[in-house]
Amino acid sequence: MIKRYSHVILKEILKNIKTTHNKRSKALGTSLNAECGTSRYWKSLGDVEHYNREIEGYKADLKKLDDMSEWSSKLHQDRYKFVEKYRDVLHKVGVELDGSIRIY
């Protein structure tokens with residue numbers, strides 16, 4: 542079942558990574574602009590840490606899905622063409638796709 546719907550699962554994971562990365566960038570900008578010691582500053586730092594943990598979880602999910610379905614070696618197929626629009630975000634969060642998945 543997972544192999545059959547791996548492209549749908551992958552698309553959801555990638556959308557979540559992109560959304561979380563954008564939220565993290567916004568929170569990071571807020572923490573850099575707010576004065577140190579204010580509640581806004583500490584809340585944004587907490588948000589950045591939370592989003593980092595979420596992204597790490599999504600990266601682990603990508604690896605597990607690749608272990609089960611080997612989607613990273615099937616990127617030439619039409620059902621995985623959507624991955625191209627997420628390559629820049631994946632690179633920013635530490636995932637490389639070159640015939641196989643590398644997470645750093």
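So the sequence shown is residues 542 to 645, counted in our numbering. Glycine included, every Cβ here is placed at the ideal spot set by N, Cα and C. These numbers were taken from a predicted model, which means no experiment stands behind them.
Using 8 Å for Cβ pairs, my map puts Lys544 next to Ser610. What's the rounded Cβ distance?
One-based indexing of the sequence shown puts residue 544 at position 3. One-based indexing of the sequence shown puts residue 610 at position 69. Contact holds; Cβ gap of about 5 Å.
Since Tyr627 and Gly635 should fall inside the 8 Å C-beta cutoff, what is the C-beta to C-beta distance between them, to a whole number of angstroms?
Here residue 627 corresponds to residue number 86 of the sequence shown, with the count starting at 1. Here residue 635 corresponds to residue number 94 of the sequence shown, with the count starting at 1. Not quite, the Cβ-Cβ distance comes to about 13 Å (not below 8 Å), so this is no contact.
To which residues of the same chain is Ile642 closer than 7 Å at the C-beta, ignoring the five residues directly before and after it?
Your numbering for residue 642 matches position 101 in the sequence shown. For Ile642, where only same-chain residues beyond five positions count, the Cβ hits under 7 Å are Leu603, Lys604, Asp607, Ser613 and Val636.
Where does Val549 land, buried or exposed, given buried means 16+ other C-beta within 10 angstroms?
Counted from its first residue, the sequence shown places residue 549 at position 8. Label assigned to Val549: exposed.
Put Leu651 into one of helix, strand or coil per three-state DSSP.
Nothing in the structure corresponds to residue 651, since the chain is present only between 542 and 645.
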